[in-house]
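Asker:
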Amino acid sequence: MFELDETLSAVETAVRGFCEREVEPHIAAIESGDASGFDVLRRFAVGFGLGEALGAPMRARASRLRTGGPARAVPSPETVDGRGSANPGIATVVAKELARSSPGLALCLLSNLGAAATIGARGDADLIERCALPLVTLEKIGCWALTEPGSGSDAFAMKTSARLDGETIVLNGSKTFISNAPAADVLLIYARLEDPGGDRADKQRIFPIVVERGTAGLSTGAPMRKLGMHATPTGEVFLQDCRVPRSHLLGDPARPARELAEQTLVAERVMVVAMCLGVIERCLDDALGFAIARRQFGKPIAAFQLIQQKLARMYVARENVRNLMLKGIWLQREGKGSEREVSAAKWYATEAAADVALEAMQLMGGSGYMQEYAPERLFRDIKLWTIAAGSSEIQTLTIAKDLLRARGFSIDLAGGYRADGE
Ligand SMILES: Cc1cc2nc3c(=O)[nH]c(=O)nc-3n(C[C@H](O)[C@H](O)[C@H](O)COP(=O)(O)OP(=O)(O)OC[C@H]3O[C@@H](n4cnc5c(N)ncnc54)[C@H](O)[C@@H]3O)c2cc1C
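Here the numbering used here is used: the first residue of the sequence shown is 43, the next is one more, and so on.
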């Protein structure tokens with residue numbers, strides 16, 4: 043449990059080699075917008091056979107749907123290995139190694155695979171073939187859109203609405219801060235399904251709905267300017283009487299569907315822990331090399347105990363986050379794990395990764411402030427994860443909520459509480 047198995051070690055070595063050869067030389071151009079991160083990821087998808095590895099169970103499901111067989115939901119991409127059997131670690135290790143070079147590229151891939159997973163598991167055969175499979179190979183770009191201008195942490199208070207109208211669904215609303223949106227061909231939009239006789243603010247009737255580029259009423263904004271994650275464009279999505287076939291609504295309109303969004307968020311948080319580990323490992327490696335090479339006061343700075351302390355602190359963070367990632371893989375494999383555990387891991391790993399990247403910058407002095415060295419970019423990129431996919435504050439509240447519930451004390455994220463017997 044405390045180390046990668048043989049398959050995952052081989053994946054780690056192979057992806058690191060790819061990143062050193064095919065990613066690192068292009069990072070500066072991707073960061074400045076002179077090269078496309080999507081092109082690099084397409085080469086990655088071909089090189090590692092992602093279409094086969096992650097697409098096989100989706101293709102099998104599509105074929106069962108066409109022949110009228112039982113349409114079991116497929117495992118999400120992060121749980122499938124090249125043979126189509128469960129290996130929860132593969133996508134996790136890929137995310138770690140990509141993030142070691144570029145968390146922005148890892149975010150691009152995560153956004154594509156997140157949309158593909160939901161469509162692959164819930165869509166009909168047409169949607170799987172037209173949307174999910176090309177997302178896995180990056181022939182199409184996808185995004186996953188939950189956040190709105192008025193609802194971020196309180197994501198399920200969203201206003202974007204979906205109305206059933208015969209065999210179509212009509213969408214109205216807007217989304218913001220959506221990764222990949224400016225370039226997306228396939229947009230997975232979360233919307234509240236209107237229930238004419240029901241509660242308009244019902245937080246359970248949230249459904250993912252597939253909208254393809256070119257659909258009348260859909261538009262996206264220009265890429266937003268931001269601190270980091272420059273390899274992934276971020277933007278707004280606008281829906282004005284945007285009409286899609288009813289089959290694009292994933293899930294059963296008669297049943298509450300909020301858990302579909304929650305499952306994707308949990309899967310995303312596991313991947314985020316892996317990305318944090320990639321950043322921490324890279325910062326520690328670079329800091330070690332720098333500390334030995336850089337001389338001040340007549341000796342390598344590695345000889346100074348304050349520098350040694352920084353290296354030791356980075357190593358402790360690496361050990362803790364590595365154990366959290368390995369435990370995450372094990373929990374997925376065993377089908378165990380609570381939201382509290384995932385929240386604890388996400389909160390700790392993201393804060394630790396941002397701290398370690400800053401510590402590596404400090405250790406490198408003026409060089410650490412320069413773009414020539416990786417830590418300043420890794421810091422700007424990884425800082426996102428203390429905010430997105432549930433901020434550190436929201437993870438903290440989720441943990442406390444679970445701990446207190448076990449003692450008969452219920453809290454909600456809006457500050458409300460109820461105690462047994464009160
Ligand atoms: C680069 C980038 C990429 C993104 N990609 C995507 C994407 O692909 N898809 C998507 O759907 N979203 C995406 N997001 C959105 C992201 O998930 C949200 O920004 C995040 O959930 C926080 O929401 P908010 O920005 O509205 O902040 P708010 O919710 O307004 O929070 C503001 C502050 O208040 C704190 N806060 C909120 N509620 C509480 C509370 N109850 N108690 C204590 N503190 C609280 C927060 O922690 C935060 O510090 C992305 C964001 C960024 C910046």
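Heads up, the beta-carbon is just placed ideally off N, CA and C, and yes, glycines get one too. From a predicted model like this one, the values you see are computed outputs, not experimental measurements.
How long is the line joining the alpha carbons of GLY162 and ALA56, rounded to whole angstroms?
Answerer: In the sequence shown, the residue the question calls residue 162 occupies position 120. In the sequence shown, the residue the question calls residue 56 occupies position 14. So the two alpha carbons sit approximately 27 Å from each other.
Asker: Return helix, strand or coil for PHE219, following the three-state DSSP convention.
Answerer: Your numbering for residue 219 matches position 177 in the sequence shown. Residue state, collapsed to three classes: strand.
Asker: Quick check: does the Cβ of ALA197 come within less than 8 Å of any heavy atom belonging to ligand 1?
Answerer: Looking up residue 197 in the sequence shown gives position 155. It does: the Cβ of ALA197 is within 8 Å (strictly closer) of some heavy atom of ligand 1.
Asker: For my contact list, GLU254 and SER216 are in at a C-beta cut-off of 8 Å; report their separation, rounded to the angstrom.
Answerer: Working through the sequence shown from its first residue, we reach residue 254 at position 212. Working through the sequence shown from its first residue, we reach residue 216 at position 174. With 8 Å as the limit, GLU254 and SER216 do not qualify as a contact, their Cβ atoms being about 18 Å apart.
Asker: Give the single residue among ARG375, VAL358, SER105 whose Cα lies nearest to the Cα of VAL398.
Answerer: Position 356 of the sequence shown, counted from the first residue, corresponds to residue 398. Selected option, being the one with the closest Cα: VAL358.
Asker: Write down every uninterrupted run of the alpha helix (DSSP H) in the segment 185 to 212 whose length is 4 residues or greater and which is fully enclosed by it, in chain order.
Answerer: Those alpha helix (DSSP H) runs which fall completely within the segment 185 to 212 and span 4+ residues do not exist here.
Asker: So the alpha helix (DSSP H) TYR357 belongs to, where does it begin and stop?
Answerer: In the sequence shown, the residue the question calls residue 357 occupies position 315. Per DSSP, TYR357 belongs to the alpha helix (DSSP H) from 347 to 376.
Asker: Put ARG447 into one of helix, strand or coil per three-state DSSP.
Answerer: Translated into positions along the sequence shown, residue 447 becomes position 405. ARG447: helix per DSSP, three-state reduction.
Asker: Touching or not, the segment 337 to 350 and the segment 361 to 379, by the rule of three or more beta carbon pairs under 8 Å?
Answerer: With the cut-off at 8 Å, the segment 337 to 350 and the segment 361 to 379 do not touch.
Asker: Per DSSP, which residues does PHE249 bridge with? Please list them.
Answerer: To locate residue 249, count along the sequence shown from 1; it is residue 207. PHE249 is bridged to ALA233.
Asker: I need the DSSP call for GLN413, collapsed to helix, strand or coil.
Answerer: Your numbering for residue 413 matches position 371 in the sequence shown. Note: GLN413 maps to coil in three-state DSSP.
Asker: Which residue comes first and which comes last in the alpha helix (DSSP H) that contains ALA387?
Answerer: Stepping through the sequence shown from its first residue, residue 387 is reached at position 345. Start and end: 381 to 405.
Asker: Could you give the C-beta distance for SER153 and CYS185, rounded to a whole number, given that I count them as a contact under 8 Å?
Answerer: The count along the sequence shown starts at 1 and reaches residue 153 at position 111. The count along the sequence shown starts at 1 and reaches residue 185 at position 143. Between CYS185 and SER153 the Cβ distance is about 5 Å, and since that is below 8 Å, they are a contact.
Asker: State the DSSP-derived secondary structure class of GLY277, mapped to helix, strand or coil.
Answerer: Here residue 277 refers to the residue found at position 235 of the sequence shown. Correct three-state label for GLY277: strand.
Asker: Less than 9 Å separating the beta-carbons of VAL228 and LEU147?
Answerer: As a first step, residue 228 is located in the sequence shown; it is residue number 186 there, counting from the start. As a first step, residue 147 is located in the sequence shown; it is residue number 105 there, counting from the start. Taking 9 Å as the Cβ cut-off, VAL228 and LEU147 do not qualify as a contacting pair.
Asker: Which runs of the beta strand (DSSP E) spanning at least 3 residues fall entirely within the segment 137 to 193, listed in chain order?
Answerer: Whole beta strand (DSSP E) segments, 3+ residues: 184 to 187.
Asker: For the segment 180 to 194 and the segment 134 to 148, state whether three or more C-beta atom pairs, one from each stretch, are separated by less than 8 Å.
Answerer: No, they do not touch.
Asker: Verify the contact flag: TRP186, CB atom, against every heavy atom of ligand 2, threshold strictly below 8 Å.
Answerer: What this structure holds is ligand 1, not ligand 2.
Asker: Quick one: is GLY293 buried, meaning 16 or more other Cβ sit within 10 Å of its Cβ, or exposed?
Answerer: Counting from one through the sequence shown, the residue named residue 293 turns up at place 251. By the 10 Å Cβ count, GLY293 comes out buried.
Asker: Alpha carbons only, please: which of ALA273, LEU307, VAL178, VAL314 is nearest the one belonging to SER74?
Answerer: Locating residue 74 in the sequence shown gives position 32, where the first residue counts as 1. When only C-alpha atoms are compared, the closest one is ALA273.
Asker: Can ALA394 be considered in contact with ligand 1, in the sense that its beta carbon sits closer than 8 Å to one or more heavy atoms?
Answerer: Taking the sequence shown and counting its residues from 1, the one referred to as residue 394 is at position 352. False, no ligand heavy atom lies under 8 Å from that Cβ.
Asker: Give the range of the alpha helix (DSSP H) segment to which THR49 is assigned.
Answerer: Stepping through the sequence shown from its first residue, residue 49 is reached at position 7. Taken as a continuous stretch (DSSP letters only), the alpha helix (DSSP H) holding THR49 covers 48 to 60.
Asker: Using a threshold of 8 Å, is the CB atom of SER144 nearer than that to any non-hydrogen atom of ligand 1?
Answerer: Sequence index remark: in the sequence shown, residue 144 carries index 102 (1-based). Not under cutoff, so the answer is no.
Asker: Determine the burial state of PRO250: buried for a count of at least 16 other Cβ atoms within 10 Å of its Cβ, exposed for fewer.
Answerer: Locating residue 250 in the sequence shown gives position 208, where the first residue counts as 1. Buried is the call here.
Asker: Please return the same chain residues whose Cβ sits closer than 7 Å to the Cβ of ARG125, not counting the five positions on each side in sequence.
Answerer: One-based indexing of the sequence shown puts residue 125 at position 83. Residue placement at ARG125 cannot be trusted, given a pLDDT of 38 that sits under 50; the coordinates are not used to answer.
Asker: Which term fits TYR232, buried or exposed, when burial requires 16 or more other beta carbons within 10 angstroms of its beta carbon?
Answerer: Reading the sequence shown from its first residue, position 190 is the one you call residue 232. Its Cβ being crowded by 16 or more others within 10 Å, TYR232 is buried.
Asker: Between which two residues does the beta strand (DSSP E) harbouring THR262 extend?
Answerer: Position 220 of the sequence shown holds residue 262. That run of the beta strand (DSSP E) goes 260 to 262.
Asker: Identify, in the order they occur along the chain, each residue of the same chain with its Cβ nearer than 7 Å to the Cβ of HIS68, setting aside the five sequence neighbours on each side.
Answerer: Translated into the one-based positions of the sequence shown, residue 68 becomes position 26. The residues are ALA77, VAL82.
Asker: Can you tell me whether LEU426 is helix, strand or coil according to DSSP?
Answerer: Sequence index remark: in the sequence shown, residue 426 carries index 384 (1-based). DSSP places LEU426 in helix when its eight states are reduced to three.
Asker: Could you give the DSSP three-state label for GLU254: helix, strand or coil?
Answerer: Taking the first residue of the sequence shown as 1, we reach residue 254 at position 212. In this structure, GLU254 counts as strand in the three-state DSSP scheme.
Asker: In the DSSP assignment, find the alpha helix (DSSP H) that holds ALA316 and state where it starts and stops.
Answerer: Counted from its first residue, the sequence shown places residue 316 at position 274. It spans 300 to 335 - the alpha helix (DSSP H) in which ALA316 sits, taken as one unbroken run.
Asker: For ARG85, which residues in the same chain have their Cβ closer than 7 Å to its Cβ, ignoring the five residues on either side in sequence?
Answerer: Reading the sequence shown from its first residue, position 43 is the one you call residue 85. These residues qualify, in order along the chain: GLU64.
Asker: For ligand 1, I want to know if ASN129 counts as a neighbour, meaning its beta carbon is within less than 8 Å of at least one of the ligand's heavy atoms.
Answerer: As a position in the sequence shown, residue 129 is number 87, starting the count at 1. Because no heavy atom of ligand 1 lies under 8 Å away, the Cβ of ASN129 does not count as near it: no.
Asker: Here's a check: name, in chain order, each residue in its chain whose Cβ is nearer than 7 Å to the Cβ of LEU307, leaving out the five neighbours to either side.
Answerer: Taking the first residue of the sequence shown as position 1, residue 307 is located at position 265. Around LEU307: ALA431, GLY432.
Asker: Throw me the rounded Cβ distance for the LEU155 and HIS290 pair, which I believe falls under 8 Å.
Answerer: Stepping through the sequence shown from its first residue, residue 155 is reached at position 113. Stepping through the sequence shown from its first residue, residue 290 is reached at position 248. At roughly 19 Å, the Cβ-Cβ gap does not stay under 8 Å, so LEU155 and HIS290 are not in contact.
Asker: When the Cα of LEU96 is compared with those of GLY110, TRP372, VAL136, LEU373, which residue comes out closest?
Answerer: Taking the first residue of the sequence shown as position 1, residue 96 is located at position 54. The candidate whose alpha carbon is nearest that of LEU96 is VAL136.
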